[in-house]
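Asks: First, the structure itself, so that you have it in front of you.
Residue numbers (this note's numbering): 1 to 763.
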């Protein structure tokens with residue numbers, strides 16, 4: 001064969017919002033030739049030149065090629081979402097991906113829950129809500145609390161999962177805004193329209209849905225207690241209604257094919273329905289793209305032609321069908337962006353198949369009816385950032401954390417939350433659409449200066465020492481031997497440390513996204529960073545975590561005092577207390593996610609046995625940082641080694657002299673142990689502060705994206721997101737140097753203060 005196809009999988013946590021590995025490969029010139037890429041991200045990365053334009057490849061196809069891609073067979077919305085043109089320009093959108101899959105959203109209804117609540121029609125069948133007003137009333141009626149009528153007791157079954165989170169629906173503010181007649185972005189793509197009346201109305205409705213069941217903290221606690229897969233909350237009856245996409249069909253066919261469910265278009269506001277508007281939905285899905293730096297674009301396009309052909313579709317779906325049937329499961333095709341292929345598959349596999357239950361046939365009929373007329377998320381250079389900001393607006397409003405500030409300004413709290421979230425998005429959009437800075441960085445002078453700085457000390461040493469060898473008492477060959485021993489460190493520093501340091505300094509004064517040339521912007525990155533509300537938020541979050549430093553010192557010193565005993569089995573106790581410190585931080589974080597589960601976690605279960613209501617931990621902005629501090633204190637045993645070394649270095653005669661003078665145990669500790677340990681206290685304090693300023697892993701694993709409500713968006717985590725999620729290397733480098741200055745200042749202050757309390761034993 002002409003081409004050999006090698007299939008691999010990505011290790012990315014989320015290849016929609018976090019494409020750092022793919023984009024790094026593109027920048028390095030070693031990407032895969034074909035990639036299964038989220039259409040939502042296509043516009044953002046096409047705007048940066050990361051993806052190949054398919055327009056020429058499509059036009060140059062052989063008309064007689066049996067695998068020729070016919071764009072006329074595709075849904076218009078799928079092609080539009082995979083195309084990009086600069087917003088506000090007159091350019092014709094160019095196609096940057098061949099759409100493959102398509103998924104759309106419906107209202108899923110648990111038929112059994114509806115029947116039990118009496119929400120049925122004249123024939124006793126579940127009656128879907130037709131308007132927002134009915135939807136809210138149904139949600140209230142279907143919600144069940146652990147103690148009837150008491151939201152504070154926790155949710156046992158939620159009437160409507162509002163659609164913000166995996167397994168909890170998939171509508172977000174996009175869907176609700178479209179239903180209200182609005183959009184998050186203007187038609188020409190140049191203006192963020194979060195604060196339009198329609199979007200304000202949509203967010204107010206979503207916030208009301210949360211408040212009806214005890215608030216967002218209550219919903220988050222319920223959400224974290226839920227399981228997935230065969231224990232999915234909708235399948236188990238813990239969710240009565242949710243707006244989700246068609247993957248749920250295949251999920252239910254796998255785990256509960258006889259489930260009593262109904263799907264219907266998501267309802268509209270009553271006044272919108274009265275105007276004659278038809279129900280709407282929105283679609284997502286994936287495309288096949290060719291990275292801009294792919295080595296074999298012709299072969300990649302031929303492969304895409306084959307995969308998206310009817311022959312390729314048949315083979316892929318036949319494999320899925322045979323796998324399902326071999327396991328005794330029902331085969332249900334997924335949504336496809338190719339309209340002709342999708343209709344043929346659905347007709348053969350669903351409507352002509354007597355084995356398919358009526359519930360699934362009805363569901364696919366609704367799916368097929370809605371597929372031609374659907375919305376999609378705006379194609380924009382700030383797609384992921386816009387997504388993040390609509391989530392941030394929702395959280396701010398649902399948590400009511402800006403209410404008092406909004407009222408003080410005389411602004412509606414919902415409107416204010418949207419305005420606050422819209423401002424950074426609008427700035428990011430303006431920056432993306434602005435002409436690039438004119439001056440491109442010429443790296444040659446910087447490289448020359450750096451090489452001169454690396455070579456000059458070597459030349460100076462080579463010239464100075466031989467001439468002064470006799471005067472300085474060196475033997476022949478000692479200078480060369482010394483240089484040889486130093487060379488591994490020097491080479492490593494020059495190549496792996498010094499170079500990146502200089503590079504990051506220069507980058508902090510540029511606009512650089514790795515995929516395009518760096519351009520000088522002067523001090524603009526530093527000004528933008530210092531004016532960024534999330535930068536200040538990350539500083540505050542990180543400063544709060546400094547509480548763990550003195551707490552950790554006290555606990556680890558206490559453990560060391562207990563372990564500094566010559567008793568039988570002391571080695572076992574030392575090992576036991578040290579064990580948490582050697583547990584990989586990722587594994588420890590996963591363990592503590594379970595421990596902090598507000599419903600099933602052992603801490604809250606123990607508190608419940610004592611009659612004490614447990615906090616929501618990682619779901620509550622007030623408790624998320626204390627929870628992470630507890631994780632750090634659990635690993636405090638790592639510091640006992642240093643404390644034990646310090647305790648065992650204290651001369652015993654000092655204790656004996658103090659005891660002779662009549663000092664009790666506490667006075668001996670305070671006047672002998674603490675002063676003699678003061679150098680160790682200083683060392684541990686400095687290291688603890690530096691480590692805390694770089695806190696990252698726990699937040700990355702336990703509270704993704706700084707949730708809840710940016711309460712765990714620490715400085716290093718925000719820096720990481722700027723660099724490797726948004727590829728804004730200029731602001732990220734500026735943040736790195738600001739962090740260095742902060743650490744140096746804090747360390748200098750500690751060293752200056754140490755002159756007053758640190759005692760060094762004189763030799």
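Beta carbons are placed, not taken as given, at the ideal position from N, Cα and C, and that holds for glycine.
Residue range of the beta strand (DSSP E) that residue 349 falls in?
Replies: Careful: residue 349 lies outside any beta strand (DSSP E) and carries neither H nor E.
Asks: Okay, do the region 733 to 740 and the region 547 to 567 touch, 3+ Cβ pairs below 8 angstroms being the bar?
Replies: The region 733 to 740, when compared against the region 547 to 567, does not touch it at the 8 angstroms Cβ threshold.
Asks: Using the Cα positions of residue 140 and residue 212, report the straight-line distance between them to the nearest angstrom.
Replies: The alpha-carbon atoms of residue 140 and residue 212 are separated by roughly 7 angstroms.
Asks: May I have the straight-line CA-CA distance separating residue 412 from residue 406, to the nearest angstrom?
Replies: Looking at the two C-alpha atoms, the distance is approximately 6 angstroms.
Asks: Taking just the CA atoms, how far does residue 95 sit from residue 299?
Replies: About 18 angstroms.
Asks: Write down every uninterrupted run of the beta strand (DSSP E) in the region 219 to 253 whose length is 3 residues or greater and which is fully enclosed by it, in chain order.
Replies: Listed in chain order, the complete beta strand (DSSP E) runs (minimum 3 residues) inside the region 219 to 253 are 239 to 245.
Asks: For residue 293, which residues from the same chain have a beta carbon less than 7 angstroms from its beta carbon, with the 5 sequence-adjacent residues on both sides left out?
Replies: Hits under 7 angstroms: 26, 29 and 31.
Asks: What's the C-alpha gap between residue 745 and residue 35?
Replies: Computed Cα separation, rounded: 46 angstroms.
Asks: Report yes if the C-beta distance between residue 69 and residue 287 is below 9 angstroms; otherwise report no.
Replies: Not in contact: residue 69 and residue 287 (Cβ atoms no closer than 9 angstroms).
Asks: Have a look at residue 401 and residue 389 and give me their C-alpha separation to the nearest angstrom.
Replies: Answer to the nearest angstrom: the Cα atoms are 16 angstroms apart.
Asks: Just to confirm, is the Cβ distance from residue 329 to residue 253 under 9 angstroms?
Replies: In this structure, residue 253 lies closer than 9 angstroms to residue 329 by Cβ.
Asks: Enumerate, from N- to C-terminal direction, the unbroken alpha helix (DSSP H) stretches of 4 or more residues contained entirely within the region 90 to 157.
Replies: List check, alpha helix (DSSP H) in window: 111 to 117 and 132 to 142.
Asks: With residue 616 and residue 623 assumed to form a contact (beta carbons below 8 angstroms), what rounded beta-carbon distance in angstroms separates them?
Replies: Right, the Cβ-Cβ distance comes to about 6 angstroms (below 8 angstroms), so this counts as a contact.
Asks: In its own chain, which residues sit with a C-beta less than 8 angstroms from the C-beta of residue 513, not counting the 5 before and 5 after it?
Replies: Contacts found: 48, 727, 728 and 729.
Asks: Nearest by alpha-carbon distance to residue 395: which of 432, 663, 220 and 662 is it?
Replies: Cα-wise, what sits closest to residue 395 is 220.
Asks: Do you know whose CA, among 640, 262 and 462, lies nearest residue 481's CA?
Replies: Nearest of 640, 262 and 462 to residue 481, Cα basis: 462.
Asks: How long is the line joining the alpha carbons of residue 79 and residue 103, rounded to whole angstroms?
Replies: Each residue's alpha carbon lies about 14 angstroms from the other.
Asks: As a quick exercise: from 541, 741, 297 and 488, pick the residue whose alpha carbon is nearest that of residue 715.
Replies: Per the Cα distances, 541.
Asks: Along the chain, where does the alpha helix (DSSP H) that runs through residue 178 open and close?
Replies: Residues 172 to 179.
Asks: From residue 490 to residue 577, what does the alpha carbon distance come to, in whole angstroms?
Replies: In a straight line, the C-alpha of residue 490 is about 39 angstroms away from that of residue 577.
Asks: Buried or exposed for residue 497, please, with buried defined as at least 16 other CB atoms from any protein chain shown within 10 angstroms of its CB.
Replies: Exposed, by the Cβ-count rule.
Asks: Reducing DSSP to helix, strand and coil, say where residue 375 ends up.
Replies: The answer is strand: DSSP assigns residue 375 an E or B state.
Asks: In this structure, how does DSSP classify residue 733 when only helix, strand and coil are distinguished?
Replies: Reduced to three states, the DSSP call for residue 733 is helix.
Asks: Tell me the rounded alpha-carbon separation between residue 678 and residue 589.
Replies: Going from the Cα of residue 678 to the Cα of residue 589 covers about 32 angstroms.
Asks: Note down the Cα distance separating residue 126 from residue 603, rounded to an integer number of angstroms.
Replies: The alpha-carbon atoms of residue 126 and residue 603 are separated by roughly 40 angstroms.
Asks: Just to confirm my understanding: we take residue 370, look at its own chain, exclude 5 residues before and 5 after, and list those with CB closer than 7 angstroms. What are they?
Replies: Within the same chain, residue 370 has close Cβ partners 104, 265 and 281.
Asks: If you measure between the beta carbons of residue 22 and residue 291, is that distance less than 9 angstroms?
Replies: Going by C-beta atoms, residue 22 is nearer than 9 angstroms to residue 291.
Asks: Assess, as a yes-or-no matter, whether the region 369 to 386 is touched by the region 116 to 126 under the definition of 3 or more beta carbon pairs within less than 8 angstroms.
Replies: Too few Cβ pairs lie closer than 8 angstroms, so no.
Asks: Please determine, among 393, 224, 655 and 429, the residue with the shortest C-alpha to C-alpha distance to residue 830.
Replies: What the structure shows of the chain is the stretch from 1 to 763, and residue 830 is not part of that stretch, so it cannot be assessed.
Asks: According to the Cβ coordinates, are residue 750 and residue 691 closer than 9 angstroms?
Replies: No, Cβ-Cβ distance for residue 750 and residue 691 is not below 9 angstroms.
Asks: Count the other CB atoms within 10 Å of the CB of residue 76; is the residue buried (16 or more) or exposed (fewer)?
Replies: Exposed: under 16 other Cβ atoms inside 10 Å.
Asks: If we call anything under 9 angstroms between Cβ atoms a contact, is residue 673 one with residue 556?
Replies: Going by C-beta atoms, residue 673 is not nearer than 9 angstroms to residue 556.
Asks: Using a threshold of 9 angstroms, state whether the C-beta atoms of residue 257 and residue 354 are closer than that.
Replies: Contact flag unset, no.
Asks: So, with DSSP's three-state summary, where would you put residue 310?
Replies: Correct three-state label for residue 310: helix.
Asks: On the three-state DSSP scale, how would you describe residue 440?
Replies: Looking at residue 440 - three-state DSSP - the assignment turns out to be strand.
Asks: For residue 109, which of 45, 259, 326 and 694 has the nearest alpha-carbon?
Replies: Nearest of 45, 259, 326 and 694 to residue 109, Cα basis: 259.
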